[in-house]
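Structure, as structure tokens:
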Amino acid sequence: MNERPAFVTLGSTVSAAENIVNWLKAELEGEKQPDKVEKVERHIGQFNTPDQVKSYMSGRGGSIRIAALRVRNIQNRRGMTGLVTWAAYIMMADFWGYPRDARCEVIAGRLARRISCREAAAGMKAERMAENIAAENLWSGGLDNLGITMWAVTWEQEFRLDDEIDLSTLPEFLRLGATIVVNGQPVSDEPQIINVREGQTDDKEND
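If you count by numbering that gives the first Met the number 0, then the sequence shown holds residues 0 to 206, one letter each, in order.
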């Protein structure tokens, strides 16, 4: 029987993202509370369609997903570091009569405050404080038809990129969405779903 080979995460943002998730969970994750969400998790990238947002809101009143969008100024002096552009996607539905737009904006503000407070850099194990923090309303007609409001908080922050992490402790992304382009034109208006696990069908939910 073949033994599963080790996968070393050095040189990636995976560990840094999990540190951010854990820092935000302490303040923003909670059940049945209008100013908190059920789940704060790492995410694979940007959202392209309302259906992608819907898949992470199934059965939830709110969700926050953290994605690394870009790494610049990578250096390897006393350890590998990089300036990471982060996005925290805040997704909200109506909850016990509280409107989703107000909930989403309030939690976006609380998140921005959480990552910019004096203790945040140490709490997230970052090399320095967050910079260029911004919040953007991502409302669209498609999201509104699904009963969802969405904001994104973005910022830049330097992190170590050579901290190992046990991948078995991380959420498993069972499906990936990809837009296939041929000769500069997308093959389809809808993103293609790629099943990560062999034999998996599209009917299964994302973890």
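All C-beta atoms in this analysis are idealised placements derived from N, C-alpha and C, irrespective of residue type, glycine included.
Check K124 in the structure and name its three-state DSSP category.
In the sequence shown, residue 124 corresponds to position 125, counting from 1. Assigned with DSSP and collapsed to three states, K124 falls in coil, not helix or strand.
Given this structure, state the Cα-to-Cα distance separating S57 from R76, to the nearest angstrom.
As a first step, residue 57 must be located in the sequence shown, where it is residue number 58. As a first step, residue 76 must be located in the sequence shown, where it is residue number 77. So the alpha carbons of these two residues sit roughly 44 angstroms apart.
Give the straight-line distance between the Cα atoms of M91 and G108, rounded to the nearest whole angstrom.
In the sequence shown, the residue the question calls residue 91 occupies position 92. In the sequence shown, the residue the question calls residue 108 occupies position 109. Cα to Cα, the separation comes out at about 14 angstroms.
Secondary structure at W22, three-state DSSP: helix, strand or coil?
Along the sequence shown, read from residue 1 onward, the residue named residue 22 stands at position 23. It is helical.
Identify every run of the alpha helix (DSSP H) within the stretch 57-122, keeping only runs that are complete inside it and at least 4 residues long; order them along the chain.
Uninterrupted alpha helix (DSSP H) stretches at least 4 residues long and entirely within the stretch 57-122 occur at 99-115, 119-122, given in chain order.
Starting from N136, trace the beta strand (DSSP E) both ways and give me its first and last residue.
If you number the sequence shown from 1, residue 136 lands on position 137. Start and end: 130-136.
Using a 10 Å radius around the Cβ and a threshold of 16 neighbouring Cβ atoms, would you call R102 buried or exposed?
Taking the sequence shown and counting its residues from 1, one reaches residue 102 at position 103. So R102 ends up on the buried side.
Use the C-beta contact count for N1: other C-beta atoms within 10 angstroms, 16 or more gives buried, fewer gives exposed.
Residue 1 sits at position 2 when you count from the first residue of the sequence shown. In summary, N1 is exposed, with fewer than 16 beta-carbon neighbours lying within 10 Å of its beta-carbon over all protein chains present.
Can you tell me where the beta strand (DSSP E) with K38 in it begins and where it stops?
Reading the sequence shown from its first residue, position 39 is the one you call residue 38. Element bounds for K38: 38-41.
Looking only at C-alpha atoms, which of T153, F94, N18 sits nearest to E135?
Position 136 of the sequence shown, counted from the first residue, corresponds to residue 135. When T153, F94, N18 are compared, the shortest CA-CA separation from E135 is found for T153.
Between the Cα of A86 and those of Q156, A5, S11, spot the shortest distance and give me the residue it belongs to.
Sequence index remark: in the sequence shown, residue 86 carries index 87 (1-based). Per the Cα distances, Q156.
Hey, would you say T148 sits closer than 8 angstroms to D100, going by beta carbons?
Indexing the sequence shown from 1 puts residue 148 at position 149. Indexing the sequence shown from 1 puts residue 100 at position 101. In this structure, T148 sits near D100, with a CB-CB distance shorter than 8 angstroms.
Hey, could you find the ends of the beta strand (DSSP E) Q207 is sitting in?
In this structure the chain extends from 0 to 206, so residue 207 is not present and cannot be described.
In the structure shown, what three-state DSSP assignment does E17 receive?
For this step, residue 17 is matched to residue 18 along the sequence shown. E17: helix per DSSP, three-state reduction.
What would DSSP say about D50, mapped onto helix, strand or coil?
To locate residue 50, count along the sequence shown from 1; it is residue 51. In the three-state reduction of the DSSP assignment, D50 falls in the helix class, which pools H, G and I.
Between I19, Y88, C116, P33, which lies nearest to K53 when the distance is taken from Cα to Cα?
Your numbering for residue 53 matches position 54 in the sequence shown. A check of alpha carbon separations from K53 across I19, Y88, C116, P33 identifies Y88 as the nearest.
Would T84 pass as a contact of R64 if the rule is Cβ separation under 8 angstroms?
Residue 84 sits at position 85 when you count from the first residue of the sequence shown. Residue 64 sits at position 65 when you count from the first residue of the sequence shown. Not closer than 8 angstroms, so no.
Using 8 angstroms as the threshold, is the C-beta distance between V20 and E40 below it?
Position 21 of the sequence shown, counting from 1, holds the residue named residue 20. Position 41 of the sequence shown, counting from 1, holds the residue named residue 40. Against a cut-off of 8 angstroms, the Cβ pair of E40 and V20 comes out as a contact.
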